[in-house]
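Heads up, this note's numbering is the position in the sequence shown plus 2, with the first residue counted as 1.
Some notes on the structure that comes next.
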Amino acid sequence: MIITKTPFRLTLGGGGTDLPSFYREHGGFVLAVGIDKHMYLNVNTPILDDTVRIQYSQTELVRHVDEVQHMLAREALRFCGISSGIEIVSVADIPSGTGLGSSSCYVVGLLNAVHALTQSPSAPEILAEEACHIELERLHKPIGK
């Protein structure tokens with residue numbers, strides 16, 4: 003069983019400098035600071051079967067990662083090459099939708115846990131790059147895919 007604890011963050015953008023239409027021409031500036039609230043993920047391999055179990059505000063029990071409705075979990079597991087045989091439980095100090103980076107916390111925590119579970123730990127810089135890749139993939143996928 004792997005348990006991760008990822009801090010939420012407060013992000014201060016420089017007045018739209020995080021938008022491609024601005025930063026591609028002028029550069030950008032974004033300042034993010036961690037706060038004392040966290041996202042916790044418990045990741046484990048099931049003992050009795052080879053299913054995918056994901057618990058967040060809902061509970062999913064499916065046979066293959068492609069059936070997972072939680073988009074971030076599905077894309078992170080696909081990225082790591084995991085198609086079945088995993089349990090993920092997430093609990094947070096604050097609810098989603100607050101603007102404090104809960105989706106980013108979830109992805110970074112999940113990637114960190116899966117790397118530990120597969121005995122292939124990654125440096126924080128690599129986790130950040132992987133999380134950005136997954137977020138960009140998610141943003142560019144049609145809804146329902």
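All C-beta atoms in this analysis are idealised placements derived from N, C-alpha and C, irrespective of residue type, glycine included.
**Item:** Candidates Arg-26, Pro-123, Leu-102 and Tyr-42: closest to Val-93 by CA position
**Value:** Tyr-42
**Asked** If you count every other CB in all the chains shown that lies within 10 Å of the CB of Ile-56, and 16 or more means buried, which is it?
**Response** buried
**Item:** Ser-92 - containing beta strand (DSSP E), residue span
**Value:** 88–94
**Item:** Where the alpha helix (DSSP H) containing Glu-27 begins and where it ends
**Value:** Per DSSP, Glu-27 belongs to the alpha helix (DSSP H) from 22–28.
**Message:** Which complete beta strand (DSSP E) runs does the segment 44–103 hold, if anything under 3 residues is left out?
**Reply:** 54–57, 61–64 and 88–94
**Prompt:** Can Ile-4 and Leu-119 be called in contact, C-beta distance under 8 angstroms?
**Reply:** The Cβ atoms of Ile-4 and Leu-119 sit closer than 8 angstroms to each other.
**Cβ shell of Ile-140 (< 8 angstroms), same chain only, five flanking positions each side left out** = This sequence places Arg at residue 140; Ile is not what is there. Within the same chain, Arg-140 has close Cβ partners Met-73, Leu-74 and Glu-77.
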